[in-house]
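Heads up: the sequence lines are chains F and Y, in that order. When we follow this note's numbering, the leftmost residue of the first sequence carries the number 55, and every step to the right adds one. When we follow this note's numbering, the leftmost residue of the second sequence carries the number 4, and every step to the right adds one.
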Amino acid sequence: MKPTRFALLVLLPAALLAGGCVGKMPQNPDEFRQALTEGAFLTKIDTYEVDRSTAEIGKTFKKYAPKCLDKRIETISQTRTSYQHIITKYTPTVVAGRDRVELHLQEKHEQGVLAVYEEPEAGHYMLVVDVTPVGKNRSKVEFYRPSMGFKNMMTAIENWTRGENLGCPDLTK
Amino acid sequence: MKRLSLIVAALVLALLAGGCSGIFPYKNDLDKNLTVRTKTDSGSFFTSVKARVDIYSVDDACKVTYRGTVDLKRPEVAIGLPAGSPNYLDFVFSSSSFLANAKGSTGFDLFFVTRPGHEYVAEASYVDGIYDVILKERKNGSNKLRELDFGECRPK
């Protein structure tokens with residue numbers, strides 16, 4: 055059965071806590087990577103190589119991340135027995151160096167989901183992408199991400215690394 | 004008499020409802036200098052996607068005034084924007100699912116100045132959950148298109 059968006063929104067931060075076996079939310083990208091490396095529940099690390107230079111991928115991140123991910127998303131779902139109104143702010147950060155490019159995405163629920171543990175100011179870390187060169191025009195991508203849901207977001211970001219079908223993910227889905 | 008009262012009440016309600024929605028058609032009576040090419044495909048038989056562009060004028064302080072909306076139902080739509088003026092375009096993709104009774108809308112905005120003697124092409128697409136709008140400029144009569152940035156003014 056496909057999990058609801060609400061379930062995923064609640065489960066992802068909880069999974070990070072459970073995986074790290076600590077009562078503390080990752081407060082920075084390093085702690086987030088560490089939690090996923092230790093096998094945080096409902097997360098995974100995808101590693102693959104692409105025929106693009108790291109600098110080129112950095113340019114794509116810089117072009118698309120602000121316009122596509124710096125968003126406030128409002129979702130309303132209603133059934134006969136429930137009503138959920140969630141406002142979520144996403145904050146992307148691109149760190150582009152000469153030999154390394156990183157994309158971080160934080161998610162903060164401004165309404166509708168309670169943050170039980172202390173989060174960083176811009177919200178909990180949702181994903182981190184690390185890109186490093188493995189040749190002149192070839193790069194290694196390490197994608198620290200949720201293992202379920204957020205299909206459009208994951209597809210769009212993977213497309214940015216591959217340089218194919220570039221565009222923004224519909225974050226309402 | 005009673006029937007007439009009902010008709011008048013219904014008309015008043017309809018007018019109020021129309022006014023309350025806040026969306027009205029863009030006048031589009033200026034020389035056409037923007038062509039919007041639209042492609043939408045939800046990727047699912049049970050979901051439909053509609054596209055529209057909300058048009059705003061912008062002042063020096065990046066304050067916007069709504070001028071109307073153009074439905075992007077056709078693959079290509081010509082729009083006339085005031086030449087030499089800053090414009091703010093908000094492209095909106097709305098999807099609705101017949102089975103899940105779910106609706107959502109997303110999109111993004113562009114700020115740019117329409118230069119006299121130039122024409123603009125916006126390629127708006129929403130395909131299977133991935134959308135984009137690319138704005139290009141060319142001199143009248145030229146074939147060379149230049150992609151524009153989406154601007155620094157972000158009033159919304």
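Here a beta-carbon is modelled for each residue, glycine too, at the ideal position from N, C-alpha and C.
Member of Y:Ser98, Y:Val52, Y:Glu140, Y:Phe101 whose CA lies at the smallest distance from the CA of Val116 (chain Y):
Y:Glu140
Applying the 10 Å Cβ sphere with the 16-neighbour rule, what's the burial state of Thr101 (chain F)?
exposed
Have a look at Ser136 (chain F) and Asn90 (chain Y) and give me their C-alpha separation to the nearest angstrom.
41 Å
Does the beta carbon of Gly177 (chain F) sit closer than 8 Å to a beta carbon anywhere in chain Y?
no
Can you list, in chain order, the residues of its chain whose CB lies under 7 Å from that of Ala176 (chain F), leaving out five sequence neighbours each side?
Thr145, Gln160, Lys162
For chain F, check one thing: does any of its Cβ atoms lie closer than 8 Å to the Cβ of Tyr123 (chain Y)?
no
To the nearest angstrom, how far is the alpha carbon of Thr50 (chain Y) from that of Thr43 (chain Y)?
11 Å
Which residues in the same chain have their Cβ closer than 6 Å to the Cβ of Arg216 (chain F), if we skip the five residues on either side of it in sequence?
Val104
Chain F partners of Ser128 (chain Y), CB-CB under 8 Å?
Gly221
If you follow the beta strand (DSSP E) that Ala119 (chain Y) is part of, which residue opens it and which one closes it?
The residue you asked about is not Ala; residue 119 (chain Y) is Pro in the sequence shown. Pro119 (chain Y) -> no beta strand (DSSP E), and no H or E assigned at all.
Using a 10 Å radius around the Cβ and a threshold of 16 neighbouring Cβ atoms, would you call Asn146 (chain Y) buried or exposed?
exposed
For Lys117 (chain F), which of F:Leu220, F:Lys227, F:Gly189 has the nearest alpha-carbon?
F:Leu220
Quick one, which residues of the region 199 to 217 of chain F are near chain Y if we go by CB-CB under 8 Å, in chain order?
Lys205, Asn206, Thr209, Ala210, Asn213
What does the alpha-carbon distance come out to for the pair Thr38 (chain Y) and Asp57 (chain Y)?
14 Å
When you compare only the Cα positions, how much space is there between Ile140 (chain F) and Gly189 (chain F)?
44 Å
Separation of Thr97 (chain F) from Ala150 (chain F), as counted between CA atoms:
25 Å
Does DSSP put Gly112 (chain F) in a helix, in a strand, or in coil?
helix
Same chain, Cβ closer than 7 Å to Gly71 (chain Y), neighbours up to 5 away in sequence not counted
Phe27, Pro28, Tyr29, Lys30, Ile58
Leu113 (chain Y), DSSP secondary structure in three states
strand
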